[in-house]
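*Asks:* For what it's worth, numbering that gives the first Met the number 0 labels the leading residue of the sequence shown as 0, then goes sequentially. Handing you a structure now.
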Amino acid sequence: MKKCFLILAVAAMAVAPTAAFATFSVIQDSCRTTGNEVTTYFSVVNFNSPVPVCDLHFIPENPVPGCIIIGCASAAGWTCGLNPAGGVDWAALTPADCITAGHIKRGFSFTLDPDFCCYLVQFTGPNHEVLHEQEECFNCVHVGTEQKTWSNVKKLFR
0 MKKCFLILAV AAMAVAPTAA FATFSVIQDS CRTTGNEVTT YFSVVNFNSP VPVCDLHFIP
60 ENPVPGCIII GCASAAGWTC GLNPAGGVDW AALTPADCIT AGHIKRGFSF TLDPDFCCYL
120 VQFTGPNHEV LHEQEECFNC VHVGTEQKTW SNVKKLFR
């Protein structure tokens, strides 16, 4: 009986969401290329943290020319600014604009030159405390296609 109870208790602790197991994510939505500059559009998700995300910081892992962010845009109710590390900081304008558990906020973007870089992303709470850090690599390389007739496609499988 004690063994069963212990197994049940461990299973319950593994499943129960807590602030220590909070999950956040940055989801790349799309890219737009203009000349040598690439703008990456993304959304931010707070899956289950009881502490809302009120700030977001991108710090380049390798701040070489080309991986330094040169522009940003923010979602409604947020603001952004370039930081001295070559990255960007986003912040909610009011506590009501923070991203609460179970919500997604769309409309963020940044511009850089070229199209692939990795960043340390910091999700911070209402008191600017770091809730979570993770590496995010954005890649906007497009896969080219070649036009073929149906007859030519079938020949590939003979």
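Even glycine gets a Cβ: it sits at the ideal position worked out from N, Cα and C. Here the structure is a predicted model, which means the values were calculated and not measured.
1) How should L92 be labelled, buried or exposed, when 16 other C-beta atoms within 10 angstroms of its C-beta is the threshold for buried?
2) Would you call W89 buried or exposed, if buried means 16 or more other Cβ atoms sit within 10 Å of its Cβ?
3) For D28 and chain C, any beta-carbon pair shorter than 8 Å?
4) Should L111 and C66 be called a contact, given that it needs their Cβ atoms to be closer than 8 Å?
5) Within its chain, find whatever has a CB closer than 7 Å to the CB of I98; leave out the 5 residues flanking it on each side and keep chain order.
6) I think A100 touches S48, with their Cβ atoms under 8 Å apart; what is that distance to the nearest whole Å?
7) Can you tell me the Cα-Cα spacing of I69 and T32, whole angstroms?
8) Closest by CA to C116, which one among V129, V140, T78 and H127?
*Replies:* Judging by the given coordinates:
1) The count along the sequence shown starts at 1 and reaches residue 92 at position 93. Exposed: under 16 other Cβ atoms inside 10 Å.
2) Within the sequence shown, numbered from 1, the residue matching residue 89 stands at position 90. With 16 or more other Cβ atoms within 10 Å, it is buried.
3) In the structure shown, chain C cannot be found, because there is only a single protein chain.
4) Here residue 111 is taken as the residue at index 112 of the sequence shown, counted from 1. Here residue 66 is taken as the residue at index 67 of the sequence shown, counted from 1. It is a contact, given that the beta carbons lie within the stated cut-off.
5) Within the sequence shown, numbered from 1, the residue matching residue 98 stands at position 99. Around I98: V43, N45, P51, V52 and K104.
6) The sequence position of residue 100 within the sequence shown is 101, counting from 1. The sequence position of residue 48 within the sequence shown is 49, counting from 1. At roughly 6 Å, the Cβ-Cβ gap stays under 8 Å, so A100 and S48 are in contact.
7) The count along the sequence shown starts at 1 and reaches residue 69 at position 70. The count along the sequence shown starts at 1 and reaches residue 32 at position 33. C-alpha of I69 to C-alpha of T32: approximately 14 Å in a straight line.
8) Position 117 of the sequence shown, counted from the first residue, corresponds to residue 116. It is V140.
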